[in-house]
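To keep things clear, I will list the structure first and then write my remarks on it.
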Amino acid sequence: MDLAKLEPGRLRFDGRTAIVTGAGGNPSLGRAHALLLGARGANVVVNDIGHDPETPGYSGTASAAAVAEEIRALGGNAVADVHSVATEDGAAAIIQTALDAFGGVDILVNNAGISIAAPFDEMTSRDFRRHIDINLMGPIWTCRAAWPHMRAKSYGRIVNITSGALAGFTWLVAYGTSKGGLLSLTRSLAAEGATLGIKANAVNPGAFTRMVAAQQEPTSPVYRHASENLPPELVSPVVAFLAHEKCPVTGECIDAVGGEVRRTYVAQTPGFTDRNLTPEMLAARWNDVMAGSAEGLLAHGTFDPTQWDVKPYRAGTAARAT
129 MDLAKLEPGR
139 LRFDGRTAIV
149 TGAGGNPSLG
159 RAHALLLGAR
169 GANVVVNDIG
179 HDPETPGYSG
189 TASAAAVAEE
199 IRALGGNAVA
209 DVHSVATEDG
219 AAAIIQTALD
229 AFGGVDILVN
239 NAGISIAAPF
249 DEMTSRDFRR
259 HIDINLMGPI
269 WTCRAAWPHM
279 RAKSYGRIVN
289 ITSGALAGFT
299 WLVAYGTSKG
309 GLLSLTRSLA
319 AEGATLGIKA
329 NAVNPGAFTR
339 MVAAQQEPTS
349 PVYRHASENL
359 PPELVSPVVA
369 FLAHEKCPVT
379 GECIDAVGGE
389 VRRTYVAQTP
399 GFTDRNLTPE
409 MLAARWNDVM
419 AGSAEGLLAH
429 GTFDPTQWDV
439 KPYRAGTAAR
449 AT
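Residue numbering for the sequence shown follows my numbering, starting at 129 and increasing by one per position.
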């Protein structure tokens, strides 16, 4: 990506400090987000733990230092951080890195995560817990650490990287659960931050990253389609817009997949009201409960990972999204 070509862009981040977690991989969403924010003038904290012994699906090691150096080589300001979001202390240390290096934090992009494709009853308790600790509790801890600093200056932008899997995919129960919780966190933070100058939004990305490469065989249709059509750089403009001071919304979830941008939202049907409700009445009027516009409903995912060429599941082989 030629960052120089992005400099004339109207939306810039001069004087703002951004933290991007899980940003050391290549290819990766986090790296693309960090590079774009750095190109638009932001001070960037590039966070990544580098290597996780429980993620053998990956080759190589992510490097926060390497991505930070990329940004600096292109004229930007960046520092590396290697703390884990999975613990409260680790998350607090990430925020402290921003405070020490740049004196504050304005933007928090919660991108770090793991994903395993495996049957619900085969996944170990350890792997399920890791999804919650990293994908959901990680953003909770980073947001809690950044929140007082954003509140003090009456300004903050939080962008949580969720997933279309929150609608419910076979073999992605742990991942979808953690990402669904992250959407609820986003909406709750948006509500609480509304009077504080803090906006929180979510992005459902679709891109070829090390997570895809670790989880899918090269023969998988998902691998082939993503590697040929879905560069991470086509997600980053959406993240940057939601992270900007001119962002007009809060509590929203935006899809960003290969240049396609859509809004994802949860809807309710009109249903019916009857204070003499009985199970039999509900059975008779079930169609009234279910009636509504299909476009206005967050339906179960149409993708079926059982039809993908997924790498065999082994305990402790989570794929880390960097």
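Even glycine gets a Cβ: it sits at the ideal position worked out from N, Cα and C.
Burial state of residue i (16 or more Cβ within 10 Å)
{"i": "Thr-450", "result": "In this predicted model, Thr-450 has a pLDDT of only 39, less than 50, meaning its place in the structure is not dependable; the value taken from the coordinates is given anyway. Answer is buried; the Cβ neighbour count reaches 16."}
{"i": "Leu-370", "result": "buried"}
{"i": "Arg-391", "result": "exposed"}
{"i": "Ser-316", "result": "exposed"}
{"i": "Phe-248", "result": "exposed"}
{"i": "Asn-238", "result": "buried"}
{"i": "Asn-404", "result": "exposed"}
{"i": "Gln-435", "result": "exposed"}
Under the three-state DSSP convention, the category residue i falls into
{"i": "Cys-375", "result": "coil"}
{"i": "Asp-228", "result": "helix"}
{"i": "Ala-319", "result": "helix"}
{"i": "Thr-305", "result": "helix"}
{"i": "Gln-344", "result": "strand"}
{"i": "Leu-425", "result": "Low confidence applies to Leu-425: its pLDDT is 49, below 50, so where it sits in the model is not reliable, and the reading given next is rough at best. Correct three-state label for Leu-425: coil."}
{"i": "Glu-388", "result": "strand"}
{"i": "Ser-282", "result": "coil"}
{"i": "Pro-440", "result": "coil"}
{"i": "Leu-264", "result": "helix"}
{"i": "Leu-131", "result": "Low local confidence applies: a pLDDT of 43 at Leu-131 is under 50, so the model's placement there is unreliable, with the coordinate-based value given in what follows. Helix, per DSSP."}
{"i": "Ser-291", "result": "coil"}
{"i": "Leu-139", "result": "coil"}
{"i": "Ala-328", "result": "strand"}
{"i": "Asn-404", "result": "coil"}
{"i": "Leu-236", "result": "strand"}
{"i": "Asp-383", "result": "strand"}
{"i": "Pro-365", "result": "helix"}
{"i": "Pro-349", "result": "helix"}
{"i": "Pro-360", "result": "helix"}
{"i": "Ala-395", "result": "coil"}
{"i": "Asp-255", "result": "helix"}
Residue i vs residue j beta-carbon contact at 8 angstroms
{"i": "Thr-149", "j": "Ile-222", "result": "yes"}
{"i": "Asp-234", "j": "Arg-285", "result": "yes"}
{"i": "Val-174", "j": "Asp-217", "result": "no"}
{"i": "Leu-311", "j": "Thr-290", "result": "yes"}
{"i": "Val-366", "j": "Ala-384", "result": "yes"}
{"i": "Ala-335", "j": "Leu-157", "result": "yes"}
{"i": "Ser-243", "j": "Gln-344", "result": "no"}
{"i": "Lys-439", "j": "Cys-375", "result": "no"}
{"i": "Ile-199", "j": "Leu-163", "result": "yes"}
{"i": "Asn-332", "j": "Cys-271", "result": "no"}
{"i": "Ala-229", "j": "Leu-202", "result": "no"}
{"i": "Leu-324", "j": "Ser-282", "result": "yes"}
Proximity test, Cβ basis, 8 angstroms: residue i and chain D
{"i": "Gly-232", "result": "In the displayed structure, chain D is absent; only one protein chain is listed."}
For residue i: DSSP bridge partner residues
{"i": "Pro-276", "result": "Note: Pro-276 sits in no beta bridge, so no partner."}
{"i": "Gly-334", "result": "Val-385"}
I'd like the ranges of any beta strand (DSSP E) spanning at least 3 consecutive residues and lying wholly in the segment 188–227. 205–209
Going residue by residue through the segment 141–188, where are the continuous beta strand (DSSP E) segments of at least 3 residues, counting only ones entirely within it? 145–148 and 171–175
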